[in-house]
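All remarks here apply to the structure that follows.
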């Protein structure tokens, strides 16, 4: 058998100097020669796979768009599928096993034996690009893992199944007891699918599992038998150190697991319902988010040029309050972190108080609210102001006391970033008045109010032109005469976006610039409709207008903006 290095030298014209570099890299990092060449950029993925195919006398196959052989797939356990990085596909009338690495002969032999034991016929082995194999496994393998986990949970469960205080690695779920296996598999699958939350709902039909992906809930499997719900919920309670005997009141907790060497935090909320207990798990992948936030800036959030310029002007003011509003999950915290990242030069003292601190910012002092110990937003903010800060972030204004202290801080030389729950920039005025804050007090402190939502972007992998007739445009409040000439797009659904047609989200915003005229109108308690009219005349773009811009630029769909914003 030829060495992989010899094949690469002949096929890819690698120089002697490159070979020395690759050999050195291989020794230092403990990787194979071919992988070292790829890491150093000497060859591409397809070149390496083609060389492996020649070395082992196997055929190279491009599996893009290949049909999965479900009959063979059913006979291969999911743990073997992931370990061997193998997927069965159809090639004409025949079935073949596409592998990314043909060297794991032991696992391949076990897989072939399992296929024969299941009454199947193992196909010939072909080599495919690792990225393509992993892509298919990620989509189909996770679904298979869930169905297998549900199947094993159908076994007779005993209380001893739940007596494991230590959280298992999510990559070793095959060795766990049934309840543990189901929970860990759901957590693993949710992370793979980029879910932000997991919902476990106990209803008349059984235990339903849903993931929130890009802000929308998706059911991921058939309902699990209702009698198994207490075992699954008890497992989650054990992981979060909650009271498993208490099933009548809500409970909140948190736990941490390790996946591929990195820690992922989960926040658990248990709520009793008519049919049992429901659970919602928030996924906080701090290390992944931290990597993304290293280069996070306002322009990466999807702001248009006008709002971006306005926002950047306001966050660079020496003092005052920058207020971001919107419902839960609308990206308020991300926007504030992006603003802090832009102005964090190291010359100013920046302190935050949050509940919870979802991810860490370098060079910023961050404080976690702990109401059980008496550390509330108001008490923490008082202490922060004694630490000589230049800029302060208050996670949320929830009560009049916090509002008063934040306003005083903004009026006495500090730049305060904060959030409040409201539907738009004008509803914020009513929220402050409702908390007993006089309008003339807070308009003096405010630099700007920003309202935002998150809308899903069309998946670039399955994006195509969409038909939008005059009636469809009219229903969306878009005059056909004005918008009829624009080309609109939609996503058809593909494995890359889990057949949703959308992948990723961006922000749409409306920014109210507190001009002297707007301040006088608010202080004079003029109707919100008049303030809104004056702001739009002054150049403010509403949330709906920002959303329509995203549709016209081909980034999102009419259906999505109608889901998130009101038709004006």
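In this note's numbering, the protein residues as written are 35 to 602.
Note that CB positions come from ideal geometry on N, CA and C, so glycine has one too.
Residue 350 carries a coil assignment under DSSP once its states are collapsed to helix, strand and coil.
DSSP places residue 375 inside the alpha helix (DSSP H), whose first and last residues are 366-377. Three or more Cβ pairs closer than 8 Å define a contact, and the region 533-546 meets that threshold against the region 326-345.
Classified as buried, residue 414 has 16 or more neighbouring CB atoms from the shown chains inside 10 Å of its CB.
A residue is called buried when at least 16 other Cβ atoms come within 10 angstroms of its Cβ; residue 292 does not meet this threshold and is exposed. Excluding the 5 residues flanking it on each side, residue 418 has same chain C-beta neighbours closer than 8 Å at 385, 387, 401 and 426, in chain order. By the neighbour-count definition (other C-beta atoms within 10 Å, threshold 16), residue 451 is a buried residue.
In this structure, residue 125 sits near residue 95, with a CB-CB distance shorter than 8 Å. The C-beta of residue 460 has 16 or more other C-beta atoms within 10 Å across all chains shown, which makes the residue buried. Cβ-Cβ distances below 7 Å link residue 229 to 245, 246, 247 and 317 in the same chain, with the five nearest sequence neighbours on each side left out; the list follows chain order. Boundaries of the beta strand (DSSP E) around residue 386: 384-388.
Taking the Cα positions, residue 239 is about 21 Å away from residue 270. For residue 535, the number of other beta carbons within 10 angstroms of its own is at least 16, and it is reported as buried. A direct Cα-to-Cα measurement between residue 446 and residue 420 gives close to 13 Å. Only residues of its own chain outside the window of five on either side were considered, and among them 120, 122, 145, 148 and 149 have a CB closer than 8 Å to the CB of residue 110, listed in chain order. A direct Cα-to-Cα measurement between residue 500 and residue 494 gives close to 14 Å. Take residue 314, set aside five residues on each side of it, and the residues of its chain with a beta-carbon closer than 8 Å to its own are 231, 232, 233, 234, 302, 303 and 305, in chain order.
Here the region 40-50 makes contact with the region 60-76; the two share three or more CB pairs at distances below 8 Å.
The Cβ atoms of residue 226 and residue 365 do not sit closer than 8 Å to each other. Burial check for residue 283: the Cβ neighbour count within 10 Å stays below 16, so the residue is exposed. With 16 or more other CB atoms across the displayed protein chains lying within 10 angstroms of its CB, residue 89 is buried. A direct Cα-Cα distance of roughly 7 Å separates residue 255 from residue 243. Counting along the chain, no beta strand (DSSP E) covers residue 429, and no H or E run does either. Residue 223 is classed as buried because its beta carbon has at least 16 other beta carbons within 10 Å across all chains shown. In the pairwise beta carbon analysis, the region 430-438 is classified as touching the region 405-414: at least three pairs are separated by under 8 Å.
If only uninterrupted alpha helix (DSSP H) runs of at least 4 residues are considered, those enclosed by the region 557-601 are 562-571, 577-586 and 592-598.
Excluding residues up to 5 positions away in sequence, 287, 288, 289 and 302 lie with their Cβ nearer than 7 Å to the Cβ of residue 274 in the same chain.
Membership of residue 312 in the beta strand (DSSP E) is indicated by the continuous run 310-318. The beta-carbon separation of residue 526 and residue 496, rounded to 5 Å, stays under the 8 Å limit for a contact. Bounds of the alpha helix (DSSP H) holding residue 85 are 79-90. Rounded to the nearest whole angstrom, the C-alpha separation of residue 464 and residue 550 is 19 Å. Within the region 245-306, the complete beta strand (DSSP E) segments at least 3 residues long are 250-253 and 285-293, listed from N- to C-terminus.
Considering only 380, 82 and 407, the residue with the shortest C-alpha distance to residue 164 is 82. Taking all protein chains in view, the Cβ of residue 139 is surrounded by fewer than 16 other Cβ atoms within 10 Å, so the residue is classified as exposed.
With fewer than 16 neighbouring CB atoms inside 10 Å of its own CB, residue 297 falls in the exposed class. For residue 437, the three-state secondary structure derived from DSSP is helix.
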